[in-house]
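J.: With numbering that gives the first Met the number 0, the residue at position 165 of the sequence shown is 164, and numbering never jumps.
Here a beta-carbon is modelled for each residue, glycine too, at the ideal position from N, C-alpha and C.
Quick one: the structure is below, and I'll ask about it shortly.
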Amino acid sequence: MEKSNVVIIGDLPQTVLERLEEEAELRVWNKPEAIPYDTLMAWLKDAEGLLSRGDIQVNDNILAQAPNLRVIAQSSAGYDNIDIDACTRRSIPFGNTPEVLNDATADLTYGLLLSAARKITEGSEFVKRGKWKSPFDVPMGVDLYGKTLGIVGMGNIGRAVARRAQASGMNIVYHNRKVNEVNESMGAVYATFEELLANSDFIVVLVPLNNHTRGLFGKEEFRQMKSSAYFINASRGSVVNTNELFDALVSEQIAYAALDVTDPEPINMAHPIMSLKNVLITPHIGSAAIETRTRMAHLAVDNILAGLEGKPLPACVNEEVNFCLTNYKGD
Ligand code: DGY
0 MEKSNVVIIG
10 DLPQTVLERL
20 EEEAELRVWN
30 KPEAIPYDTL
40 MAWLKDAEGL
50 LSRGDIQVND
60 NILAQAPNLR
70 VIAQSSAGYD
80 NIDIDACTRR
90 SIPFGNTPEV
100 LNDATADLTY
110 GLLLSAARKI
120 TEGSEFVKRG
130 KWKSPFDVPM
140 GVDLYGKTLG
150 IVGMGNIGRA
160 VARRAQASGM
170 NIVYHNRKVN
180 EVNESMGAVY
190 ATFEELLANS
200 DFIVVLVPLN
210 NHTRGLFGKE
220 EFRQMKSSAY
230 FINASRGSVV
240 NTNELFDALV
250 SEQIAYAALD
260 VTDPEPINMA
270 HPIMSLKNVL
280 ITPHIGSAAI
290 ETRTRMAHLA
300 VDNILAGLEG
310 KPLPACVNEE
320 VNFCLTNYKG
330 D
């Protein structure tokens, strides 16, 4: 049987690539500096599957170049780079990789919080630069025990962060669009957005990026926080206005920011926020653990293979298209 054509943007773990290779003819666009963009566009013309990557915009323009596409998948939970309506209009199912990264992302998010609070990275730099001369003159952190952690966007990843924080003796408040019974049952307390900003010692952001959350944190929100507040963003960089975060940190309106995501990515090294001491930045590594990334890649391949076979995707975002596949009984 003839194999379907699949275009892959970016790299996949070798074992996952081999699994997909058994079922499909692959074209891998993983070296934009060596393979021209026009070549990718040419490949898309007869592609039936597309395994995309978060830094490529999949919109009407790109979909118009790919008239034979039957499925798109991406090895990430977030899909703010995908125009879901444009996929749905073309009856193309789009699959992401939720859940399999929850614990890894929660570990990293809580790791940022812990590292920021207890000055772990500062402590390490302090030692490496030979500044460790006395037990009394060391970087000083703050306690977690008894402090309030406010989680904005508390779903499964937020709950996994909350469990870790509860183990440190923190109290949890959260803000979602509405009260969530599962959050309440684990002892998290609902707060309005304003209450959460005003009362939290640590604020963790885990909202998806969309039209409601773009620029959610700016001058006004930082003004409402405690001057001792630690702000941790593990969602998407554009949820925060970076210039206004910089101003809030410089003017000591808030104490510290720990960011796993920036706008843009990679961050502009000339941005003044890079020179601040009270900022910790990691390169979007929430899910970057070998086992987790491998699970994500396998799920992305499961989504592609299901779509090529005309079956429902195991993790589909535009469920209306998946529903049609579920109920399709053949011509
Ligand atoms: C996700 O899966 O959305 C993570 O942020 C990694 O991109």
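List in chain order: all unbroken alpha helix (DSSP H) runs of 4+ residues lying wholly within the segment 182–252.
T.: Fully enclosed alpha helix (DSSP H) runs of 4 or longer: 192–198, 218–223 and 241–249.
J.: Quick one: residues in its chain with C-beta nearer than 7 Å to the C-beta of Leu304, no 5 flanking neighbours on either side, listed in chain order?
T.: Working through the sequence shown from its first residue, we reach residue 304 at position 305. For Leu304, same chain residues with a beta-carbon under 7 Å away, outside a window of 5 residues either side, are Glu22 in chain order.
J.: Is it the case that the Cβ atoms of Thr87 and Val320 are separated by a distance below 7 Å?
T.: Translated into positions along the sequence shown, residue 87 becomes position 88. Translated into positions along the sequence shown, residue 320 becomes position 321. Taking 7 Å as the Cβ cut-off, Thr87 and Val320 qualify as a contacting pair.
J.: Hey, is Gly154 close to the ligand DGY, as in C-beta under 6 Å from one of its heavy atoms?
T.: Counting from 1 along the sequence shown, the entry for residue 154 is found at position 155. False, no ligand heavy atom lies under 6 Å from that Cβ.
J.: Near Phe201, what residues of its chain come up, given a Cβ to Cβ distance below 6 Å and the 5 sequence neighbours on each side ignored?
T.: As a position in the sequence shown, residue 201 is number 202, starting the count at 1. The residues are Leu112, Leu148 and Tyr229.
J.: Where the beta carbon is closer than 6 Å to any heavy atom of the ligand DGY, which residues qualify, in chain order?
T.: Gly53, Ser75, Ala76, Gly77, Leu100, Gly285 and Ser286
J.: Is it true that the segment 295–309 meets the segment 63–74, where meeting means three or more beta-carbon pairs spaced less than 8 Å apart?
T.: yes
J.: Return the CA-CA distance between Asp330 and Phe322, expressed in angstroms with no decimal places.
T.: The sequence position of residue 330 within the sequence shown is 331, counting from 1. The sequence position of residue 322 within the sequence shown is 323, counting from 1. With a pLDDT of 44 at Asp330, under the threshold of 50, the modelled position of this residue cannot be trusted, and the question is left open.
J.: Residue range of the beta strand (DSSP E) that Ser51 falls in?
T.: On the sequence shown, position 52 is the one that residue 51 refers to. Segment Gly48 to Ser51, the beta strand (DSSP E) holding Ser51.
J.: Which residue spans inside the segment 49–122 form an unbroken alpha helix (DSSP H) run of at least 4?
T.: Counting only runs of 4 or more, we get 59–63, 83–88 and 101–117.
J.: Would you tell me roughly how many angstroms separate the C-alpha atoms of Gly9 and Tyr36, rounded to the nearest one?
T.: In the sequence shown, counting from the first residue as 1, residue 9 sits at position 10. In the sequence shown, counting from the first residue as 1, residue 36 sits at position 37. In a straight line, the C-alpha of Gly9 is about 13 Å away from that of Tyr36.
J.: So the alpha helix (DSSP H) Val137 belongs to, where does it begin and stop?
T.: Mapped onto the sequence shown, residue 137 falls at position 138. Per DSSP, Val137 lies in no alpha helix (DSSP H) segment and is marked neither H nor E.
J.: Using alpha carbons as the reference points, say which of Tyr78, Leu205 and Ser184 lies closest to Phe93.
T.: Against the sequence shown, residue 93 aligns to sequence position 94. Checking every option, the nearest Cα to that of Phe93 belongs to Tyr78.
J.: Determine the burial state of Glu17: buried for a count of at least 16 other Cβ atoms within 10 Å of its Cβ, exposed for fewer.
T.: In the sequence shown, residue 17 corresponds to position 18, counting from 1. Burial call: exposed.
J.: So, under 8 Å CB-CB, Ile231 and Ala254 are touching, yes? Tell me the CB distance rounded to an integer number of Å.
T.: Taking the first residue of the sequence shown as 1, we reach residue 231 at position 232. Taking the first residue of the sequence shown as 1, we reach residue 254 at position 255. Wrong, their Cβ atoms sit about 12 Å apart, outside the cutoff.
J.: Hey, Asn317 and Ile55 are a contact pair by Cβ (cut 8 Å); roughly how many whole angstroms apart?
T.: As a position in the sequence shown, residue 317 is number 318, starting the count at 1. As a position in the sequence shown, residue 55 is number 56, starting the count at 1. Their Cβ separation, rounded to whole angstroms, is 18 Å, which puts Asn317 and Ile55 out of contact at 8 Å.
J.: Looking at the unbroken beta strand (DSSP E) that takes in Trp28, where does it start and where does it end?
T.: The residue you call residue 28 lines up with position 29 of the sequence shown. Where Trp28 is concerned, the enclosing beta strand (DSSP E) stretches over Ala23 to Trp28.
J.: Assuming Leu205 and Val151 are in contact, meaning their beta carbons sit under 8 Å apart, how far apart are those beta carbons, in whole angstroms?
T.: Against the sequence shown, residue 205 aligns to sequence position 206. Against the sequence shown, residue 151 aligns to sequence position 152. Contact holds; Cβ gap of about 7 Å.
J.: According to DSSP, what are the bridge partners of Val6?
T.: Here residue 6 refers to the residue found at position 7 of the sequence shown. Per DSSP, Arg26 and Leu49.
J.: Could you tell me which uninterrupted beta strand (DSSP E) segments, each at least 3 residues in length, are contained entirely in the segment 272–319, listed from first to last along the chain?
T.: 278–280
J.: Would you tell me roughly how many angstroms separate the C-alpha atoms of Glu32 and Lys146, rounded to the nearest one?
T.: Numbered from its first residue, the sequence shown carries residue 32 at position 33. Numbered from its first residue, the sequence shown carries residue 146 at position 147. Looking at the two C-alpha atoms, the distance is approximately 48 Å.
J.: If you count every other CB in all the chains shown that lies within 10 Å of the CB of Met0, and 16 or more means buried, which is it?
T.: Here residue 0 is taken as the residue at index 1 of the sequence shown, counted from 1. By the neighbour-count rule (16 or more Cβ atoms within 10 Å), Met0 is not buried but exposed.
J.: Taking Asn4 and Asp45 to be in contact with their CB atoms under 8 Å, please state how far apart those CB atoms are, rounded to whole angstroms.
T.: Against the sequence shown, residue 4 aligns to sequence position 5. Against the sequence shown, residue 45 aligns to sequence position 46. At roughly 5 Å, the Cβ-Cβ gap stays under 8 Å, so Asn4 and Asp45 are in contact.
J.: Does the segment 156–163 touch the segment 209–224, meaning 3 or more C-beta pairs lie closer than 8 Å?
T.: no
J.: Quick check on this structure: which residue in Ala105, Ala85, Ala187 and Asp142 has the alpha carbon closest to the alpha carbon of Ala115?
T.: Reading the sequence shown from its first residue, position 116 is the one you call residue 115. It is Asp142.
J.: Can you tell me which of the three DSSP states Asn321 falls into?
T.: Counted from its first residue, the sequence shown places residue 321 at position 322. Here Asn321 sits in helix by DSSP.
J.: Can you tell me whether Asp330 is helix, strand or coil according to DSSP?
T.: The residue labelled residue 330 in the question sits at position 331 within the sequence shown. A caution first: Asp330 carries a pLDDT of 44, below 50, which makes its placement in the model unreliable, though a value can still be read off. Three-state DSSP puts Asp330 in coil, outside helix and strand.
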